[in-house]
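Visitor: Just so you know, we're using my numbering here: the sequence shown kicks off at 1181 and counts up by one.
Using N, Cα and C, we set each Cβ at its ideal position, and we do this for glycine too.
The structure displayed is predicted, hence computed values, not measured ones.
This structure is in structure tokens; I'll ask about it shortly.
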Amino acid sequence: ENNAKTAQEIKAAGGQAYAYVCDITNSTAIAEVAKKVRQDVGEVTLLVNNAGILNGGPFMELTEPDITKTFEVNTLSHFWMMKEFLPAMIKRNRGHILNVISMAAYTGAVMMSDYCASKHAALGLFKTVRMELNQAGHRNIHMTALCPMFVDTGLVKKFTLKHGRVLTPNEVALAGLDGMLRNYELVSVPSWIVYVTKYLDGILPRKAAEALRSRSGIKVYSQYNKQD
């Protein structure tokens, strides 16, 4: 429904758009939809991996399905999407991949163990594929990692934030677009947050860094009723 609505808005503004529904955790489903995309618009030269899921809750209360689904959506989908569309970019020697990750890729966060772990993995994948492309001489294929703080997309429904504010989807999207146009490898939103995070973990003693994080007032609660 949202896909169709977005496509309609683009068409109303004079653009051309197609809407597709795909289970991005299933490589076979991705291949089937990719075939339709190629029939409609040709080979993809701009790929945005934007899907995400967050369970929230204590580590010991996370179920195996919780953890599996988190990694399927947040990490493995990046594998399957890039493996599907990257070969054509390499053949044409041009393209850009934007992986929407999270600032959670740079730190740990209470009640978000599966989410943080999946984002660390996604960032590691991003860095490695980017390095492989560069070393293979595919320098016209660019990759950008977009790492925002909390964004008001509905992904995180139950949380408290004493300091700072929740980002809007529009400002994060514009930051990602700007980063792609400039061929930035990393875009954090806000821009300064990645440096603060690295400072906390790289310079301050562990207890001091954790004390500062606890004062930020960020607390995430279980996002879903396990009885549903």
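Nearest-angstrom Cα distance between Ala1302 and Ala1285?
Guide: Those two C-alpha atoms are separated by around 8 Å.
Visitor: Quick one, which of Ile1204, Ser1257, Ile1270 and Ser1293 has its alpha-carbon nearest Met1240's?
Guide: Out of Ile1204, Ser1257, Ile1270 and Ser1293, Ser1293 has the C-alpha closest to the C-alpha of Met1240.
Visitor: Looking at the secondary structure, which residues open and close the beta strand (DSSP E) in which Asn1279 lies?
Guide: Its beta strand (DSSP E) spans residues Gly1275 to Val1280.
Visitor: Give the secondary structure of Leu1313 by DSSP, where H, G and I count as helix, E and B as strand, and everything else as coil.
Guide: Reduced to three states, the DSSP call for Leu1313 is helix.
Visitor: Just the Cα atoms here: how many angstroms apart are Asp1358 and Gly1194?
Guide: The straight-line gap from Cα to Cα measures roughly 22 Å.
Visitor: Which word fits Asn1314, buried or exposed, when buried means at least 16 other C-beta atoms lie within 10 angstroms of its C-beta?
Guide: Flag for Asn1314 reads exposed.
Visitor: For Tyr1200, does the count of other Cβ atoms within 10 angstroms reach 16, so buried, or fall short, so exposed?
Guide: Label assigned to Tyr1200: exposed.
Visitor: In chain order, what are the residue ranges of uninterrupted alpha helix (DSSP H) at least 4 long that sit wholly in the region 1217-1259?
Guide: Listed in chain order, they are 1244-1251.
Visitor: Could you check what DSSP says for Thr1324 in three-state terms: helix, strand or coil?
Guide: Residue state, collapsed to three classes: strand.
Visitor: Can the beta-carbon of Val1253 be found closer than 9 Å to that of Gly1232?
Guide: In this structure, Gly1232 lies closer than 9 Å to Val1253 by Cβ.
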